[in-house]
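**Student:** Just so we're aligned, residue 1 is where the sequence shown starts under my numbering, counting upward by one. Just so it is clear, CB atoms sit at the ideal spot from N, CA and C, and this is done for glycine as well. Have a look at this one before I ask anything.
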Amino acid sequence: MRTTRRRARAALAATSAAAAGALLLGGAVLAPAQGAEPVREPWRDAADRHDVTLGFALSPGHLATPGYRAIAEREFNLVVAENAMKWDATEQTRGTFSFGQADQVADFAESIDADLYGHTLVWHSQLPGWVTGITDPADLRDAMNDHIDAVAGRYAGDVVAWDVVNELWNDDGTRRDSVFQRLLGDGYVAEALQRARQADPTAKLCLNDYNTDGINAKSTAMYDLVADLKADGVPVDCVGFQSHLVVGQVPSTYRQNLQRFADLGVDVRITEVDIRMNVPASAANLAQQARDYGTVVSACLAVDRCDGVTVWGIDDGHSWVPGVFSGQGAALPWDASYQSKPAYTAVAEALGAGLEGGEPTPTPTGEPTGEPTGEPTGEPTGEPTGEPGDADCAASWSVSSWNTGHTGSVTLTNTGDTAWAGWAMTTTLPAGQTLQQGWSAQWSQSGSTLTATNAAWNGSVPPGTSVQIGYNASHTGSTAAPAAVSVNGAACS
Ligand code: XIL
């Protein structure tokens, strides 16, 4: 028989009040890079404005450490169990379920008013020996169904999405060998998704993998599978991209890859990001890591169906990386002393998080009252204004509009031979358009002139690479994209 988790509402209300108190305390503890950096608006508040969630992987034992807890409570509005909901944690012995740690994760998420993300139901790893030892397909099917019923059933209604199947592919796009693949064949993925839908009809059901972050054989295998599953009416709602990355190696097709899945009709999420480097970390690598984190978050914001970004941990002292990738680490936005790193600031800037007690964060005045109407309204239509030959940039500008406002997404590419050490973009906004708020750059408007200058983390743009920035504006009818764009005074093509 399935056990369902019951929430003790009164007790949880008390916990929330306590958490609110701790949150204030957390704000004081947290001042990033004491004295050097201003305090930023929490990531989660900035994320709210984009309608995305910023998550972290929680091991509940770490909550006893005040520095860890303060960051968890302040910055995140989604929580995923780093290990506590996996098969070996929940059903070590067949038919005997233990949810102690998993419940702690669920309760903590609720106490900070964060979404709870489920990870993971069917996976070849962290799988008890009694499962890998099964040899009869019917027996394995029973075991898989019972496990899904019990675990997804317990958190039904609480979990926003489940990684139903995790890491099903080899890097070459063939199916990974696992007991599920061997005994049940390719169809085990559809079976697991269908069973999960029965066990929790409200959670979004995802497939999740690593090295699928750019366009390659593995991500294309995932893409083809999702297309087939949808064509067959199998419930698949989302795809997770783990994004365990190496510094300086965000795939150039990262955003494009997210977008192609979104275009298939599934939601996407960056589910486990960390960006590792050789340790001890160099200042140059920490700066590059910041740019990489900024790129990851900006890519998600640029894709309508991207639900958000989850960081695989909080601080470098509690990261799986050093234990698995020899000689590497420093992969998270806080160091082992809970001091924020440049990557923290890059994420805050990519989200457009304001400075607390400093500049107010502008809020869009015209909230969307309906759905964006139709396709983005266009590429720049006019010709660049500069002389031919003086442009070392290309600009692409798309606008997605609703009645009184729109969101603009801008990609600036360095088409010259030398790196930009910093950049300032200027353009003329069509009449009636007023900047409300921007991200991944410092945005300002004077008359009809719109200016965006680089954020600290994306000023350096080597030849052949791009930066992605965006903004919200109100409008009085004209939703056209600007006609001409300049970078550092030179007209862009
Ligand atoms: C890792 C955890 O972080 C470690 O604590 C554990 O020992 C092994 O698993 N892909 C996944 C995650 O989907 O579940 C893994 O988490 C990291 C790789």
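Should Q242 be listed as close to ligand 1, given that the test is whether its C-beta is under 8 Å from any heavy atom?
**Tutor:** Counting from one through the sequence shown, the residue named residue 242 turns up at place 242. Yes; taking the cut-off as 8 Å, the Cβ of Q242 has a heavy atom of ligand 1 nearer than that.
**Student:** Hey, could you find the ends of the beta strand (DSSP E) A84 is sitting in?
**Tutor:** The residue given as residue 84 occupies position 84 in the sequence shown. Looking at the DSSP string, A84 is not in any beta strand (DSSP E), and its letter there is neither H nor E.
**Student:** At a cut-off of 8 Å, would you count K218 as near ligand 1, judging by its Cβ distance to the nearest heavy atom?
**Tutor:** Here residue 218 refers to the residue found at position 218 of the sequence shown. In this structure, ligand 1 has no non-hydrogen atom nearer than 8 Å to the beta-carbon of K218.
**Student:** Report yes or no: is there a C-beta of chain D within less than 9 Å of the C-beta of A353?
**Tutor:** Going by chain labels, chain D is absent from the structure shown, which holds only one protein chain.
**Student:** Kindly give me the distance between the Cβ atoms of I270 and S298, rounded to whole angstroms, as I take these residues to be in contact under 8 Å.
**Tutor:** Working through the sequence shown from its first residue, we reach residue 270 at position 270. Working through the sequence shown from its first residue, we reach residue 298 at position 298. In fact, because the Cβ distance is near 11 Å, the residues do not count as touching under 8 Å.
**Student:** I want to check one thing, is the minimum distance from the CB of G55 to the heavy atoms of ligand 1 below 8 Å?
**Tutor:** In the sequence shown, the residue the question calls residue 55 occupies position 55. Checking every heavy atom of ligand 1 against the Cβ of G55, none is found closer than 8 Å.
**Student:** Within the present structure, is the beta-carbon of Y210 separated from the nearest heavy atom of ligand 1 by less than 8 Å?
**Tutor:** Counting from one through the sequence shown, the residue named residue 210 turns up at place 210. Yes, since a heavy atom of ligand 1 falls inside the 8 Å radius drawn around the Cβ of Y210.
**Student:** Report the partner residues of F241 according to the DSSP bridge assignment.
**Tutor:** Counting from 1 along the sequence shown, the entry for residue 241 is found at position 241. For F241, which the question treats as bridged, DSSP gives the partners D209 and I270.
**Student:** Compare the Cα-Cα distances from H119 to each of L207, F97, G67 and F108 and report the closest residue.
**Tutor:** Position 119 of the sequence shown, counted from the first residue, corresponds to residue 119. Each of L207, F97, G67 and F108 was checked against the Cα of H119, and the nearest Cα belongs to L207.
**Student:** For N488, does the three-state DSSP call read helix, strand or coil?
**Tutor:** By 1-based counting over the sequence shown, the position of residue 488 is 488. In this structure, N488 counts as coil in the three-state DSSP scheme.
**Student:** Does V236 come out as helix, strand or coil in the three-state DSSP assignment?
**Tutor:** Reading the sequence shown from its first residue, position 236 is the one you call residue 236. Coil, per DSSP.
**Student:** Kindly list the residues whose CB is nearer than 7 Å to the CB of T476, restricted to its own chain and excluding five residues on each side of it in sequence; keep chain order.
**Tutor:** Position 476 of the sequence shown, counting from 1, holds the residue named residue 476. Only G432 meet the Cβ criterion.
**Student:** Looking at the structure shown, is T494 part of a helix, part of a strand, or coil, going by DSSP?
**Tutor:** Any question about residue 494 goes unanswered here, given that the chain covers just 1 to 493.
**Student:** Along the chain, where does the alpha helix (DSSP H) that runs through V321 open and close?
**Tutor:** Translated into the one-based positions of the sequence shown, residue 321 becomes position 321. Looking at the DSSP string, the run of the alpha helix (DSSP H) that includes V321 is V321 to V324.
**Student:** Does the region 195-202 come close enough to the region 242-257 that 3 or more CB-CB pairs lie under 8 Å?
**Tutor:** no
**Student:** Taking only heavy atoms of ligand 1 into account, decide whether any of them is closer than 8 Å to the Cβ of Q126.
**Tutor:** The residue labelled residue 126 in the question sits at position 126 within the sequence shown. Q126 Cβ: within cutoff of ligand 1.
**Student:** Measure from the alpha carbon of L332 to the alpha carbon of each residue in V410, A161, D292 and A89, then state which is nearest.
**Tutor:** What you label residue 332 is simply residue 332 of the sequence shown in a count that begins at 1. That would be D292, whose Cα lies nearest to the Cα of L332.
**Student:** Give, in chain order, every unbroken run of the alpha helix (DSSP H) that is at least 4 residues long and sits entirely within the region 160-204.
**Tutor:** 179-184 and 188-199
**Student:** Let me check you understand the geometry: is the CB of S59 closer than 8 Å to at least one non-hydrogen atom of ligand 1?
**Tutor:** Translated into positions along the sequence shown, residue 59 becomes position 59. Within the cutoff, so yes.
**Student:** For W123, write down the residues that DSSP places opposite it in a beta bridge.
**Tutor:** In the sequence shown, residue 123 corresponds to position 123, counting from 1. Looking at the DSSP assignment, W123 forms a beta bridge with N166.
**Student:** Just the C-alpha distance for D267 and K86, rounded to the nearest angstrom, thanks.
**Tutor:** Taking the first residue of the sequence shown as position 1, residue 267 is located at position 267. Taking the first residue of the sequence shown as position 1, residue 86 is located at position 86. Cα to Cα, the separation comes out at about 23 Å.
**Student:** From S401 to W130, what distance separates their C-alpha atoms?
**Tutor:** Taking the sequence shown and counting its residues from 1, one reaches residue 401 at position 401. Taking the sequence shown and counting its residues from 1, one reaches residue 130 at position 130. Taking the straight line joining both Cα atoms gives about 54 Å.
**Student:** Looking at the structure shown, is H406 part of a helix, part of a strand, or coil, going by DSSP?
**Tutor:** Counted from its first residue, the sequence shown places residue 406 at position 406. H406 falls in the strand class under three-state DSSP.
**Student:** Hey, is the region 57-69 in contact with the region 101-117, meaning 3+ C-beta pairs nearer than 8 Å?
**Tutor:** yes
**Student:** Assess, as a yes-or-no matter, whether the region 320-340 is touched by the region 65-76 under the definition of 3 or more beta carbon pairs within less than 8 Å.
**Tutor:** In short, these stretches touch, since the Cβ pair count reaches three.
**Student:** Using 10 angstroms around the beta-carbon of R94, count the other beta-carbons present and answer buried if the total reaches 16, otherwise exposed.
**Tutor:** In the sequence shown, residue 94 corresponds to position 94, counting from 1. When all chains shown are included, R94 counts as exposed.
**Student:** With a threshold of 8 Å, establish whether the CB of G317 neighbours any heavy atom of ligand 1.
**Tutor:** The residue given as residue 317 occupies position 317 in the sequence shown. Every heavy atom of ligand 1 is 8 Å or more from the Cβ of G317, so no.
**Student:** Where does A109 land, buried or exposed, given buried means 16+ other C-beta within 10 angstroms?
**Tutor:** What you label residue 109 is simply residue 109 of the sequence shown in a count that begins at 1. Buried, since its Cβ has 16 or more Cβ neighbours within 10 Å.
**Student:** Which same chain residues end up closer than 6 Å to N166 when comparing Cβ atoms and leaving out the 5 residues on each side of it in sequence?
**Tutor:** Here residue 166 is taken as the residue at index 166 of the sequence shown, counted from 1. T120, W123 and N208.
**Student:** Please classify P388: is it buried, with 16 or more other beta-carbons within 10 angstroms of its beta-carbon, or exposed?
**Tutor:** Within the sequence shown, numbered from 1, the residue matching residue 388 stands at position 388. Caution is warranted here: a pLDDT of 38 is assigned to P388, below 50, making its placement in the model unreliable, and no coordinate value can be reported.
**Student:** Within the same chain, show all residues whose beta-carbon is closer than 8 Å to that of A22, passing over the 5 residues directly before and after it, in chain order.
**Tutor:** Stepping through the sequence shown from its first residue, residue 22 is reached at position 22. Reliability fails at A22, whose pLDDT of 33 lies under 50, so the model's placement of it is uncertain and the value that follows must be treated cautiously. Only R69, A70 and E73 meet the Cβ criterion.
**Student:** Can you give the Cα-Cα distance for Q259 and G408, rounded to whole angstroms?
**Tutor:** If you number the sequence shown from 1, residue 259 lands on position 259. If you number the sequence shown from 1, residue 408 lands on position 408. So the alpha carbons of these two residues sit roughly 16 Å apart.
**Student:** Hey, is D163 close to ligand 1, as in C-beta under 8 Å from one of its heavy atoms?
**Tutor:** Residue mapping note: residue 163 aligns to position 163 of the sequence shown, counting from 1. D163: yes, Cβ under 8 Å from ligand 1.
**Student:** Could you compute how far the alpha carbon of I148 sits from the alpha carbon of N458?
**Tutor:** In the sequence shown, residue 148 corresponds to position 148, counting from 1. In the sequence shown, residue 458 corresponds to position 458, counting from 1. The alpha-carbon atoms of I148 and N458 are separated by roughly 43 Å.
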